[in-house]
Amino acid sequence: MAQDDHSGAELAAADSSHAAQEFAGSTGTAVVPYDAFENPGFEPHRPRVTDQDPGREKRAQRTVYTLFYLSILGSVWAVAAYMLFPMESNNVDAVRLNNMFIGFGATLALLGIGFGAVHWGKSLMTSAESIDTRHPISTSEATQRGAVEVFRQADEESGFSRRTVIRNSLIGALLVFPLPAVVLFRGFAPQDELPAELLSHTMWKKGTRLALDPSGVAIKASDVTIGSAFHVIPEGLTELEHGKLEEKAKAAVLLMRLEPGELNQLPERESWSYEGIVAYSKICTHVGCPVALYEQHTHHLLCPCHQSQFDVANHCEVIFGPAKRPLPQLPIAVDDEGYLIAQSDFTEPVGPSFWERN
Amino acid sequence: MSTASTRSPAPVKRSFTAEASEYLNDRTGLAVAIKGLGRKAFPDHWSFLLGEVALFSFVVILVSGTFLTFFFQASMAEVHYDGSYVPLKGVEMSVAMASTLDISFDIRGGLFVRQMHHWAALLFIAAIGLHMLRVFFTGAFRKPREINWVFGFTLFVLALAEGFTGYSLPDDLLSGNGLRIIDGLVKGIPLIGTWTSFLLFGGEFPGNVIVGRLYTLHILLLPALLVLLIAIHVGYVFIHKHTQFAGPGREPTNSVGPPILPIYAAKAGGFMFIIWGVISLIAALFTINPIWNYGPYDPSPVSAGTQPDWYIGFADGALRLIPPGWEFVWLDRTWSFNILVPLVVIGIFLLLVVAYPFIEAWIKGDTREHHIADRPRNAATRTAIGAAGVTFYAGLWAAASSDILATHFSLTMEGVIHALQAATVLGPFIAYFITKRVCIALQKKDREIVLHGYESGRIVKLPGGEFIEVHQPLDEYDRWRLVSHESYQPLMLRPNARGKITVGQRVRASLSRWFFEDRIAPVTRGELEASHTSHH
Amino acid sequence: MTRTKRRTGRRHPLAAAALLALGLVFTGGAYAALSTGTAQAEVDPNSQQTIEQGKKLFQANCATCHGLDAQGTNIGPTLIGVGAASVDFQVGTGRMPMQMQGPQAQQKPVQFTDDQVKQLAYFIASLGPGPEIPDDHLASGGGDAANGAELFRINCAMCHNVAGAGGALTEGKFAPSLANTSGVHIYEAMVTGPQNMPVFNDLNISPEDKRDVITYLKYVQDNRSPGGFELGSLGPVAEGLFIWIFGLGAIVAITVWITAKSN
């Protein structure tokens, strides 16, 4: 191993024999051996074939201008393609050709210039390297002192350090003045609504019929055969004038029918299902993706976003993935005409957890 | 002026360029800059061009994005689509979605520009990532470039923000579910989460303002910041001059390479067109973000394989890797650790990335300027830390495509997640250990080569019957590349001026030991001479 | 060192471009899609001869698992009442006879002729009423693609992906790609709910709506993406991998060429 010429203490004096004087700084724990190799200086310059062989030089020249001419051709082609390949209504293929041929023209135009210029630089321009001297980033001490002096003088003339009351009151004012601007951001959401309140209720209420998504046609219990999965919205959602998506984002439900024997229901929820038909919120309790990948034999429900899995046979408890809470169940019943209805709203907030939820 | 007086007696025929440049210079003083910068050397190495890839893709993004703004309408008002794409005819969607479809199907070349914009964005961030890795592994963040590392990091974060806001603008099913996830994520933040989401979306999710708000960020605020920071970032490259790898004639006090005018200008200028051409070729041939497949956003449907663009993948993956049950009700409030833990872990990871130059500088106590780039092997611990970081990131990133990994490699989704959980936690340690050992082995090999030369492959039989392989000694230029670096040794604990050993010093000493305990120093002249005498 | 130098120097200036072009052509070729159609066989569903033929085929090929009278055993479910549609789907797509027990039956080359598939189907249909093989006018498209697309997004896309590219389910199961599936088989899958797929009966998605869904899928099958190659329609993951491996890969190759010393 190398021999060290100093102890490595962090305050070791700058070693000026190694680097140039002007780059001095603490070497820290760097080891600077006393008999390190010295830079041998530049290697002799090697000429390229294009410097020596006029034939090769000619060829390189030809390649470069050919590439530039190809570029012109590409640009012209792109303009021609714009006219030759119009987008036609109801014709996806026309769009594809328009995209592709304009693109080919542009590509040729750009790559022609690019490869031509690089090839020119590499094979024909003089290949000597240039050498710059680096100067330390830090300015000279005199300049630094000058800058400090400017500040000192400004401080003295203004009395910034002396007049503490003025200074502190200014700092206080500066701290407070953005507050009105911050408060304006309250206007980003409606003034008269409480988020936690809104998140706790959905469109479902006692007697709302379960309807098909997206048609809004009400569903009869007899329609739901074993192994079926129906994507459900509350009846009346499609007629909403405002807030349709906001309501749907909370009220979307998946309706499934299992063999009644396969359902393992919580005692207090035995009346929430109807002959093996159960309805669960479709909104994941993790971060809110629609959980709708229903497997009719395993009764697993999978969220395609973060792979949380819920077991429909066991009141939708989480069996895998980052979600914690089971999907909320919508209590359902059947009305006089045989249609499926909600017994009430969900008994807990649906969707992702939020701070005020308890 | 003097030029005018010399010219007036006998008008000499002068070229147009000469006239034009004089005209400009008389009004701008531009000659100072040309004279000062024109022959500056720009060190040559392929990895030094990665930042330029990012810069040039950004130009594409800026130009193509400006074109798109003339057609895109950031409104969430409902319309019935009436454009050229049959499977969406008559479907209710937002104006934002409909105008994006019109750009794709009813404006000639519109789809081409849209695809260029999106592909260039993916390339932009990928190039930034690779450029950051290059800077990290060559130690190009050392003094005086630490602050420029921070600017670069900020650019990376801004680029992510640009990417995500842009991804969300078409208001299609994929991006809408992406926003749904952001909404769920924000709601999981204690105390302020619910209200933050409410303010962000202008009421309940999805609301009808989010696209407009993201659009303002996407085309106004974020690009302005990006352009400003890019100017500063590139300006500092000029002030600092580029780093260079060790080589004969290259000193910390010089900068060697082709001059900016003409070679570098030709190469970098040509490279700019090549990057544009590559993006154009990809846009001409490959579909990106086919919103016509996804359809308009609706909170009820979702597509299998719902993923964010690649650069947000690591965050999405972090969410997927959390095991079940990390959520509690405490003090009558919900604590969503399944969301908090990923957020905090990613926050710490990013913080370590941005703070790394300062940590390393503090451990070393080295206050000199460094302009010679390290070979990664010569900074074994840093390289190993980098490898650990890359592994950690890759684990999270892979997790974001767990479902696609499962289907394409016929694995179970649960198995993929469990394997990636293990890989993300243990992988970095394994990567650290292996990388460090490999670096040290490579350093030892370099020493061997300097001391004994290359193995020439020529076997010679000695008079005594013994076979030896002839070793070819290095010339001084090749040797210099292998011996010009410095090594560091662990810091020794010393009492300070008041005779105390502070906690800070203890931490620093143990970190320093961790960094530099396994130290391989470069060969010195004395060692080379000693090896020669001992050999024969 | 000199050796390696010379090697980099000899690289042809257009090598990087050629490499890029080669890579692009190669990926492009990999995504070329094929589509197949199914021929309609003329087998009389009600003739005793058909049912006898089907029974023979059943006893020779299926009875081991499903029992001699299709009543089911502990390794195969009962087939009484599953209907002709179910048999036509399972056997007609090669899923049955099953090769081995696994998370789900895999698609294989079909083992019977079209006539034999129909004979098997009508034999099973004769055991108990169940979903029938759909009429041609329902299964060959020609409906409203926009309505079909919307229904597909709501009812099917979460498993099969919006472009029908397929997706992962739990414990190694998956929803298959629909890129090459015939209209008849799509229809049969909806009415019978094969494997773990839920059943979509006619009161959930009406026969006309099912036709619209098929119309949409046919549209996706028949029209190439306007943007160019679809990269498997897998979404951002495929796009990200593409830009890293081919986009950035090609660009890094070009940077090496640009900075290599010319000889």
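Protein chains in written order, with this note's numbering: chain A, -15 to 342; chain B, 26 to 561; chain C, 312 to 574.
The beta-carbon is built from N, C-alpha and C at its ideal position, and this holds for glycine as well.
| Asked | Found |
| --- | --- |
| Relative to the alpha-carbon of His395 (chain B), which residue among B:Val369, B:Glu171, B:Gly63 has its alpha-carbon at the smallest distance? | B:Glu171 |
| Check the Cβ-Cβ distances between Ser565 (chain B) and every residue of chain C, and say whether any is below 8 Å. | The requested residue 565 (chain B) does not occur in the structure, where chain B is confined to residues 26 to 561. |
| Name the residues in the stretch 223 to 248 of chain A whose C-beta lies less than 7 Å from a C-beta of chain C; which are they? | none |
| Buried or exposed: which applies to Leu356 (chain B), given that a residue is buried once 16 or more other Cβ atoms fall within 10 Å of its Cβ? | exposed |
| Three-state secondary structure (DSSP) at Ile214 (chain B)? | coil |
| Compare the Cα-Cα distances from Gly228 (chain B) to each of A:Gly191, A:Ala173, A:Met187, A:Leu182 and report the closest residue. | A:Ala173 |
| In three-state terms, what does DSSP make of Ser212 (chain A)? | strand |
| Do Gly90 (chain B) and Gly551 (chain C) have their C-beta atoms within less than 8 Å of each other? | no |
| Taking Asp69 (chain B) as the query, report the chain C residues whose CB atoms sit under 7 Å from its CB, ordered along the chain. | Thr570 |
| Evaluate Gly504 (chain C) with the Cβ neighbour count: other Cβ atoms within 10 Å of its Cβ, from every protein chain shown; 16 or more gives buried, anything less gives exposed. | buried |
| Going straight from the alpha carbon of Tyr284 (chain B) to that of Val15 (chain A), what length do you get? | One point to set straight first is that residue 284 (chain B) is Pro, not Tyr, in the sequence displayed. Distance between the alpha carbons of Pro284 (chain B) and Val15 (chain A) is about 34 Å. |
| Please list, in chain order, the chain C residues whose beta carbon lies closer than 8 Å to that of Asp197 (chain A). | Ile465 |
| Would you mind telling me which residues of chain B sit closer than 8 Å to Leu545 (chain C), beta carbon to beta carbon, in chain order? | Gly330, Ile429 |
| Check whether chain C comes within 8 Å of Asp207 (chain A), counting only Cβ atoms and requiring the distance to be less than that. | yes |
| Closer than 9 Å between beta carbons: that is the criterion. Which residues of the stretch 73 to 84 of chain B meet it against chain C? | Phe73, Leu74, Leu75, Glu77, Val78 |
| Which of the three DSSP states is assigned to Val281 (chain B) in this structure? | strand |
| Where does Phe96 (chain B) fall in DSSP's three states? | coil |
| Which chain B residues are close to Met469 (chain C), counting only those with a beta carbon under 8 Å from its beta carbon? | Pro326, Val327, Ser328, Ala329 |
| Which term fits Ala343 (chain C), buried or exposed, when burial requires 16 or more other beta carbons within 10 angstroms of its beta carbon? | Per-residue confidence for Ala343 (chain C) stands at a pLDDT of 41, beneath the threshold of 50, marking its modelled position as unreliable; the derived number appears in the next sentence. Exposed. |
| Under a Cβ-count criterion, where at least 16 other Cβ atoms within 10 Å of its own Cβ denotes burial, should Glu542 (chain B) be classed as buried or exposed? | exposed |
| Alpha carbon to alpha carbon, what distance is there between Ser111 (chain A) and Ala256 (chain B)? | 30 Å |
| Considering only residues of the stretch 236 to 271 of chain B, which uninterrupted alpha helix (DSSP H) runs meet the minimum length of 4 residues and lie entirely inside it, listed in chain order? | 247 to 265 |
| Mind checking if Ile288 (chain B) is an interface residue toward chain A, Cβ cutoff 8 Å exclusive? | yes |
| Evaluate Pro445 (chain C) with the Cβ neighbour count: other Cβ atoms within 10 Å of its Cβ, from every protein chain shown; 16 or more gives buried, anything less gives exposed. | buried |
| Locate the alpha helix (DSSP H) running through Phe294 (chain A), then write down its first and last residues. | Careful: Phe294 (chain A) lies outside any alpha helix (DSSP H), inside the beta strand (DSSP E) at 293 to 295. |
| Give me, in chain order, the residues of the same chain whose beta-carbon lies closer than 7 Å to that of Leu239 (chain B); leave out the 5 immediate sequence neighbours on both sides. | Thr190, Ser193, Leu194 |
| Can you list, in chain order, the residues of its chain with a C-beta nearer than 7 Å to that of Lys521 (chain C)? Leave out the 5 residues immediately preceding and following it. | Leu449, Tyr498, Met501 |
| With H, G and I counted as helix, E and B as strand and the rest as coil, what does DSSP make of Ile373 (chain B)? | helix |
| Check the Cβ-Cβ distances between Ala555 (chain B) and every residue of chain C, and say whether any is below 8 Å. | no |
| Go ahead and pull the three-state DSSP assignment for Gln419 (chain A). | Residue 419 (chain A) is absent from the model: chain A starts at -15 and stops at 342. |
| Could you tell me the alpha carbon to alpha carbon distance between Asp320 (chain A) and Glu332 (chain A), rounded to whole angstroms? | 27 Å |
| Please identify, using Cβ separations under 8 Å, the residues of the stretch 514 to 542 of chain C that lie next to chain A, in order along the chain. | Leu514, Asn515, Asn534, Arg535, Ser536, Pro537, Gly538, Gly539 |
| Straight-line CA distance for His29 (chain A) to His103 (chain A)? | 20 Å |
| Below 8 Å on the Cβ atoms is my guess for Ala317 (chain B) versus Tyr110 (chain B); work out the distance and round it to an integer in Å. | Checking the displayed sequence, the identity of residue 317 (chain B) turns out to be Trp instead of Ala. Rounded, the Cβ-Cβ distance is 5 Å, consistent with contact. |
| Residues of chain B with CB under 8 Å from Leu489 (chain C), in chain order? | What Leu489 (chain C) touches in chain B: nothing, since even the nearest Cβ is about 11 Å away. |
| Taking all protein chains shown into account, decide if Pro367 (chain B) is buried (16 or more other Cβ within 10 angstroms of its Cβ) or exposed. | buried |
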